[in-house]
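Novice: The listed protein sequences correspond, in order, to chains A and B. Here the first sequence stands for residues 1 to 108, numbered as in the numbering used here. Here the second sequence stands for residues 109 to 948, numbered as in the numbering used here. First, the structure itself, so that you have it in front of you.
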Amino acid sequence: MKLELSPGGGEWLPVCDPEVLTPGRGMAALLPDGRQAALFRDRSGRLYAIDNRDPFTGAQVLARGLIGTAAGRTFVASPLLKQRFDLETGRCLDDDEVAVDVYPVRTA
Amino acid sequence: MPHTPGAANTPTIVLVGHGMVGQRFLEALAERGMTARARVVVLCEEPRPAYDRVHLTSYFSGTTPDELSMVPEGFMAEHGIELHTGDPAVAVDREARTVTARSGAVFPYDTLVLATGSYPFVPPVPGRDATGCFVYRTIEDLLAIEEYAKGAATGAVVGGGLLGLEAAGALKGLGLRTHVVEFAPRLMPVQVDEGGGAALLRTIEGMGLSVHTGVGTQEVIAAEDGTVTGMKLSDGSELATDLVVFSAGVRPRDQLGRDCGLEVGERGGIVVDERCRTSDPAVFAIGECALAADGRVYGLVAPGYEMALAAADTIVEREASFTGADTSTKLKLLGVDVASFGDAHGTTEGCLDVVYSDSRSGIYKKLVVAADGTLLGGVLVGDAEQYGMLRPLTGTVPPVSAEQLVLPAGAGAPVALGPEALPDDAVICSCHNVTKGAICEHTTLPEVKKCTKAGTGCGSCVKVIEKLLPKSGDGGLCTCFARTRQELYEIVQVLRITSYAELLDRYGREEARGGEGCEVCKPTVASILASLSNGYILDGEQAALQDTNDHFLANIQKNGSYSIVPRIPGGEITPEKLIVLGEVAKDHGLYMKITGAQRIDMFGARVEQLPGIWARLVDAGFESGHAYGKALRTVKSCVGQTWCRYGVQDSVRMAIDLELRYRGLRAPHKLKSGVSGCQRECAEAQSKDFGIIATANGWNLYVGGNGGANPRHADLLAKDLSDAELVRLIDRFLMYYVRTAERLERTAPWIERIGFDHVRQVVVEDSLGIGEELDELMARHVANFRDEWAETLNDPERLRRFVSFVNAPETPDPTVQFVPERDQMKPNLTILTLEGVSAR
Ligand code: SRM
Ligand SMILES: Cc1cc2nc3c(=O)[nH]c(=O)nc-3n(C[C@H](O)[C@H](O)[C@H](O)COP(=O)(O)OP(=O)(O)OC[C@H]3O[C@@H](n4cnc5c(N)ncnc54)[C@H](O)[C@@H]3O)c2cc1C
Ligand code: SF4
Ligand code: FES
C-alpha cells in the first residue's frame with residue numbers, strides 16, 4: 001500500500017509507504033514541479049498533506065513541526081516561529097490572512 | 109608657519125578645544141573611518157590632552173592626572189591626529205578658512221569644530237583677584253589649590269550647587285575648616301527643593317562643614333600683601349578665610365565664535381542647529397560652548413557626547429540630529445546620593461507633593477504628582493535607589509500609590525517592579541514596536557501574536573507578554589493538561605508512566621484525551637520522560653514528541669538548514685581537534701563562528717548532511733553539545749591556577765568534570781555553568797544557573813544566575829566546599845530543579861518563585877528528606893549517559909529520518925542555498941521569498 005498525493009489536475013502521485021511516517025511527525029516530499037509537500041500521520045493513522053513552505057519565513061520546514069489538536073482541529077506548529085496551520089484546511093490558526101495549500105491524499 | 113595640505117583632495121578638520129566632548133568627537137571620527145580620509149588638527153589650550161573632568165575631584169583621593177586621561181595610549185598616533193597642547197586658538201578667519209593659534213601657527217580648514225567648553229563664572233565683587241582666590245575646573249586649578257592650602261587653615265566656597273559642594277568636600281579633605289556660602293535659601297537650588305535642601309544641609313553639616321545659605325558674597329578682603337584674609341557677606345557679617353574658591357556657575361566659552369561673527373545666543377552660547385552646525389555651515393560647535401537647537405546650553409557631559417556624535421555623523425554625511433536631552437541627574441557627591449527628574453520643583457499647576465523625610469538618616473524623597481495621580485517628577489536625597497525605575501514612570505500613573513513608592517524598603521508592602529509596573533506606552537516587543545497597552549487588550553498569547561504581531565519576531569518578549577496576560581483559568585500547562593509541569597513530573601515518577609499517550613489519555617483534560625496533544629506539552633513531557641528514564645531520547649513514541657531541534661539533534665536556522673555545536677568541555681580544545689573542526693567545516697562548506705559560550709558553531713548543514721558530518725566529528729572524539737536541547741549547555745571555565753598568576757584552584761579541570769557529569773541531563777530549560785579560578789571571576793560564574801568560584805579553601809557555589817533578557821545575579825548557596833561536597837550539592841540542586849520547575853523556567857525565575865531560602869534548606873539542609881532520592885536520580889543519569897550522536901550513527905533505523913525528502917532521499921532541498929559574505933557564506937534568503945522553486 002502506498003500513500004498517494006494529488007498535486008493537482010486529477011493526477012495521483014505515489015509517494016511512500018505510509019508506515020515510514022512516525023505518528024505525530026511529518027516528512028517532506030518533493031513534487032515533480034519543484035513544490036514540496038509536508039506529509040503527516042496522526043495517532044489514529046489518518047494522513048494529511050499540506051504545502052511544506054512556512055509562509056512566515058519562506059523556509060521549506062513545515063514537515064518538521066510538531067502536530068497537535070486544538071478545539072478539535074489537527075494542526076502542525078511551524079518549527080521556526082511556531083505559528084499553527086490546520087492540517088485539513090491549510091488555514092493559519094494564528095493569522096486569518098495566511099493559509100497554505102492542502103493536497104488531497106489517499107492510500108492505494 | 110602656514111601649512112599647505114599635502115594632497116589637494118585631503119580635507120582638513122580642525123578641532124578647537126580638547127576637552128571631554130572634543131575627545132569624544134575625535135573618537136567618533138575614527139570610528140567612522142574619517143581620520144583615515146582627512147587631516148585632523150587639534151588645538152588644545154590646556155597643557156595636557158583631554159581628561160575626565162567629571163571625576164576631577166578624585167584627584168584629591170589619589171587618582172593621578174595620568175589616570176584621569178581620556179585618551180587611549182597611542183590613539184593620536186594610530187589615527188594620525190595632530191595634537192597641539194598648550195596652544196589655544198586665538199582667531200578664526202572664516203573668509204580664508206584658517207585658524208590662528210597663540211604660537212602664531214595658521215591652520216587652514218575645510219571643517220572647523222569648536223569644543224571650547226565653559227569658563228567658571230566669578231561674580232564681579234571687589235577683591236576677586238586677590239592671591240588665594242581660585243576657580244575649580246581644570247587639573248591646573250586643583251594643583252594650585254592644593255599647593256596654596258598647605259599654608260592655609262580655613263577655606264570658603266562661593267556657591268552651594270553641585271560643583272560647590274564638590275569643591276567644599278575637596279577643601280575639607282585638604283584639612284581646611286570649610287565654609288559654603290550660597291546665595292539661594294538652600295543648597296543645590298537647581299536640583300532639589302526646599303525639603304531636599306534641608307536634608308542635604310543636615311547631612312553636610314553632619315560632615316563638619318559650615319553652611320551659610322541666603323547670603324551673598326559682597327567683597328573679598330585682602331591683606332596688604334594682596335592675600336585673602338576673609339569675606340564680607342551681604343548680611344553684614346564677615347567670614348575669616350585664607351582661601352576662596354568661586355563655584356558660582358559656568359558660562360559658555362563663545363568668544364572665538366563671537367569674534368569671527370558667528371551667531372551667539374542672548375545669554376551666551378554659539379547657536380547651532382540640530383546637526384550642531386553654526387550659522388556658518390563649515391563650522392560646528394559642540395559641548396558646553398554651544399546653544400543647542402532646543403535653545404539650551406547643556407552643562408552635562410552626556411548631551412555633549414550626543415552632540416559630538418551628531419557632528420561627526422554630519423561630517424561623514426550621515427543623518428544625525430541633536431534636538432535636546434534629558435537633564436535628569438543622578439550624582440554621588442561627598443558620599444550623598446542625590447537625584448532629580450521631571451518636574452522636580454512642582455511647577456505644574458495643581459500638582460501635589462508626596463514627601464518622605466527622615467532627618468536622622470538624611471533621607472528625603474519627594475514625588476510630584478498631578479491631581480489624577482500622574483507622576484510628574486521628583487527629588488531623591490540620601491537614597492536614590494529608585495531613580496532608575498521612577499524616571500521611566502514619569503508621565504504615567506504608577507501602579508502603586510506614590511506613598512508606597514517613597515517609603516523605604518522594609519516599611520510596608522514591598523513595591524512590585526515587574527512588568528505590571530510598566531506604563532502602557534512602554535514598548536514590550538521591540539521587533540514589532542508593540543506597547544504594553546496594545547498587548548493588554550488581549551487575553552491569550554496566540555491572540556496577542558495574531559492581532560499585534562508581538563512575540564513573532566525574535567520571541568524574546570514572550571515571557572513578559574505572558575506575565576501581562578490574565579492567568580489562564582487553572583494554571584495548567586496548556587490546552588491539553590490542567591496540571592503543572594511539576595504535577596506531571598510527580599505523576600510520571602510515582603506511577604512509572606513511560607508514554608506520552610498514556611499520560612494524555614489518563615491525565616489530560618477531558619476534551620484533549622485521545623487527541624494529538626500539542627506543541628507545548630509534547631516536548632515538556634518528552635523532557636520529563638527523558639529526565640526520569642535516561643534512555644535514548646529519540647526512540648519509539650518519544651521520537652514524535654521532540655521539537656525539531658531535538659529530533660534532528662541540531663539547531664534549525666532561518667532557512668531550514670541546521671547548525672552543529674560539538675561539546676568542548678570547559679572550553680579546552682587541542683590543536684588536533686580544532687584542525688578537525690576546520691577541515692569538516694571546509695569540506696562541507698559550513699559557516700563557522702565562535703559562540704558566546706566558549707565553543708564553536710558550524711552553520712548551514714542540510715538535514716541529509718548531518719550524519720556524515722557527525723560521523724567525522726564522533727570519529728575525532730567529539731560528542732553532542734546539546735545546543736538543541738533543554739539540557740546542560742556549557743560549563744565555561746577560566747584558565748585558572750595552572751596558568752593564571754591569581755588562580756587558587758584548577759578551574760579548568762573542575763569545569764570539565766562538571767560538564768562531563770551533567771552533559772545530557774534533560775531539564776525544564778537549558779542549564780549553564782561556569783567555574784572561575786579566583787574572585788576575579790573571569791568565567792562569569794555568577795551569571796550562571798550554577799556557578800563555582802575557587803577560594804583558597806575550596807569552592808564557593810552560586811545558584812540561580814541568568815544572562816539573557818532578564819539577567820539575575822546568582823545567590824551564594826554554600827562556601828569553601830571540597831570537590832565532593834560541591835558535586836553533591838550541585839547534584840541535589842539540579843535534580844530538585846528538574847523536579848519542581850515549570851516548563852521553560854530557568855533556575856533564576858524558579859528560585860524567585862519558590863524562594864532562595866527554601867531551595868537552600870532543601871538542597872543544603874535536606875529539609876524535605878529527599879536528598880538521597882535526588883542523589884540516586886543523578887547517579888542514574890551519570891551512569892546511563894550515552895552520546896546521542898554516536899548512538900544515532902550506529903543505528904540505520906534512526907538514521908532514516910535524516911533526509912530532505914521521503915520520496916527522494918538522495919536529493920538535497922533546492923531551497924537551502926547560500927551566498928558568500930566575508931570569506932564565508934550565509935543563507936540565501938532571496939530564494940525563500942519565491943513562492944516555490946519553479947513558476948506556478
Ligand atoms: C549560538 C549562540 C550565539 C552565538 O553565536 O554566540 C546562541 C544562539 C541561540 N540562542 Fe543563545 N546563543 C548563545 C549563547 C547564549 C548566551 C551566552 C552564554 O551562554 O554564555 C546567553 C546568555 C546566558 C544565559 O543563558 O543566561 C544566551 C541566551 C539565550 C536566551 C535567553 C535565555 C534566558 O534565560 O533569558 C535564549 C532564548 C531561550 O532560550 O528561551 C537563547 C536562544 C538561542 C537560540 C537557541 C534561539 C533559537 O531558538 O534559534 C539560538 C540558536 C542557536 C543555534 O542555532 O545554534 N539564548 N545565549 C550561542 C551558543 C552558545 C553555545 O555554545 O551553546
Ligand atoms: C568638578 C566638575 C564636576 C563635574 N561633574 C559632572 C557630573 O557629575 N556629570 C556631568 O554630566 N557633568 C559634570 N561636569 C561637567 C562636565 O565636565 C562638562 O559638561 C564637560 O567637561 C563638557 O565638555 P566640553 O568638552 O564641552 O568642555 P571641557 O571639558 O571644558 O573642554 C573644553 C576645552 O577647551 C579648551 N579651550 C577653550 N578655549 C580654547 C581655545 N580657544 N583654544 C583651544 N582650546 C580651548 C579648554 O581649555 C578645555 O580644555 C563636571 C565639571 C566639573 C568641573
Ligand atoms: S578568574 Fe582568577 S584565576 Fe581565573 S583567569 Fe581570572 S584572574 Fe585568573
Ligand atoms: S521583541 Fe518581540 S518578537 Fe522580538
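A virtual CB, placed ideally from N, CA and C, is assigned to each residue, including glycine.
Between Met-27 of chain A and chain B, is any beta-carbon pair separated by less than 9 Å?
Specialist: yes
Novice: Where does Arg-106 of chain A fall in DSSP's three states?
Specialist: strand
Novice: Rounded to whole angstroms, what is the Cα-Cα separation between Glu-649 of chain B and Arg-604 of chain B?
Specialist: 16 Å
Novice: For the stretch 142-163 of chain B, which residues have a beta carbon sitting closer than 9 Å to at least one beta carbon of chain A?
Specialist: none
Novice: Spell out whether any CB of chain A is found under 9 Å from the CB atom of Val-914 of chain B.
Specialist: yes
Novice: How about Ala-49 of chain A: is its C-beta nearer than 9 Å to some C-beta of chain B?
Specialist: no
Novice: Does the Cβ of Tyr-754 of chain B have 16 or more other Cβ atoms within 10 Å, making it buried, or fewer, making it exposed?
Specialist: exposed
Novice: Cβ atoms of Ala-428 of chain B and Ala-418 of chain B: under 9 Å apart, would you say?
Specialist: yes
Novice: In chain order, which continuous runs of the beta strand (DSSP E) of length 3 or greater are located wholly inside the stretch 635-689 of chain B?
Specialist: 670-672
Novice: If we count the other Cβ atoms within 10 Å of its Cβ and call it buried at 16 or more, is Trp-751 of chain B buried or exposed?
Specialist: exposed
Novice: What's the C-alpha gap between Gly-583 of chain B and Ala-590 of chain B?
Specialist: 7 Å
Novice: Return the Cβ separation of Ala-452 of chain B and Val-487 of chain B in integer angstroms, given the expectation that the two are a contact with Cβ distance under 8 Å.
Specialist: About 5 Å separates the two Cβ atoms, so the contact holds.
Novice: Can you list, in chain order, the residues of the stretch 649-665 of chain B whose Cβ is nearer than 9 Å to any Cβ on chain A?
Specialist: Glu-649, Ala-651, Ala-652, Leu-653, Gln-654, Asp-655, Thr-656, Asn-657, His-659, Phe-660, Ile-664 and Gln-665
Novice: Between which two residues does the beta strand (DSSP E) carrying Ala-330 of chain B extend?
Specialist: Where Ala-330 of chain B is concerned, the enclosing beta strand (DSSP E) stretches over 325-330.
Novice: Among residues of its own chain, excluding the 5 on either side of Thr-224 of chain B, which ones have a beta-carbon nearer than 7 Å to its beta-carbon?
Specialist: Val-124, Gly-125, Arg-361, Leu-364 and Cys-397
Novice: For Leu-773 of chain B, is the classification buried or exposed, using 16 other Cβ atoms within 10 angstroms of its Cβ as the cut-off for buried?
Specialist: buried
Novice: Assuming Ile-394 of chain B and Phe-133 of chain B form a contact by the criterion Cβ under 8 Å, report the distance between their Cβ atoms to the nearest whole angstrom.
Specialist: 6 Å
Novice: Taking the DSSP output, what are the residues bridged to Ile-50 of chain A?
Specialist: A:Ala-38 and A:Val-102
Novice: Any beta-carbon of chain A closer than 9 Å to the one on Val-523 of chain B?
Specialist: Because Val-523 of chain B carries a pLDDT of 46, less than 50, the predicted location of this residue cannot be relied on, and no value is offered for it.
Novice: Could you tell me whether the stretch 933-943 of chain B touches the stretch 655-675 of chain B, where touching means 3 or more Cβ pairs closer than 8 Å?
Specialist: yes
Novice: Tell me, please, whether the CB atom of Thr-69 of chain A is closer than 9 Å to any CB atom in chain B?
Specialist: yes
Novice: On the three-state DSSP scale, how would you describe Asp-367 of chain B?
Specialist: helix
Novice: Cβ of Ala-108 of chain A less than 9 Å from any chain B Cβ?
Specialist: Using beta-carbon distances, Ala-108 of chain A does not count as an interface residue toward chain B, since no partner is under 9 Å.
Novice: In this structure, how does DSSP classify Cys-626 of chain B when only helix, strand and coil are distinguished?
Specialist: coil
Novice: For Ala-38 of chain A, go through chain B and note every residue whose CB falls closer than 9 Å to its CB, in chain order.
Specialist: Ordered by position in chain B, no residue passes the 9 Å Cβ test against Ala-38 of chain A, which lies about 10 Å from the chain.
Novice: Where do the N-terminal and C-terminal ends of the beta strand (DSSP E) with Asp-461 of chain B fall, by residue?
Specialist: 460-466
Novice: Taking only beta carbons into account, state which residues of the stretch 664-693 of chain B come closer than 8 Å to chain A, listed in chain order.
Specialist: Ile-664, Lys-666, Asn-667 and Gly-668
Novice: From what residue to what residue does the alpha helix (DSSP H) around Gln-932 of chain B run?
Specialist: No alpha helix (DSSP H) contains Gln-932 of chain B, which is instead part of the beta strand (DSSP E) from 932-935.
Novice: Closer than 7 Å by beta-carbon distance: list the chain B residues that pair up with Lys-2 of chain A, in chain order.
Specialist: Ordered by position in chain B, no residue passes the 7 Å Cβ test against Lys-2 of chain A, which lies about 10 Å from the chain.
Novice: Using the Cβ count rule (16 or more neighbours within 10 Å means buried), how would you classify Ser-211 of chain B?
Specialist: It is exposed - the Cβ of Ser-211 of chain B has fewer than 16 other Cβ atoms within 10 Å.
Novice: For the stretch 163-235 of chain B, which segments carrying the beta strand (DSSP E) assignment without a break, of at least 3 residues, lie completely within its bounds, in sequence order?
Specialist: 189-193, 197-201, 206-209, 214-216, 219-222 and 226-228
Novice: To the nearest angstrom, how far is it from the Cα of Val-298 of chain B to the Cα of Leu-270 of chain B?
Specialist: 9 Å
Novice: Tell me whether the stretch 316-329 of chain B and the stretch 337-353 of chain B touch, counting them as touching only if at least three CB pairs, one residue from each stretch, are closer than 8 Å.
Specialist: yes
Novice: Can Ala-38 of chain A and Pro-7 of chain A be called in contact, C-beta distance under 9 Å?
Specialist: no
Novice: Starting from Lys-558 of chain B, trace the alpha helix (DSSP H) both ways and give me its first and last residue.
Specialist: 553-560
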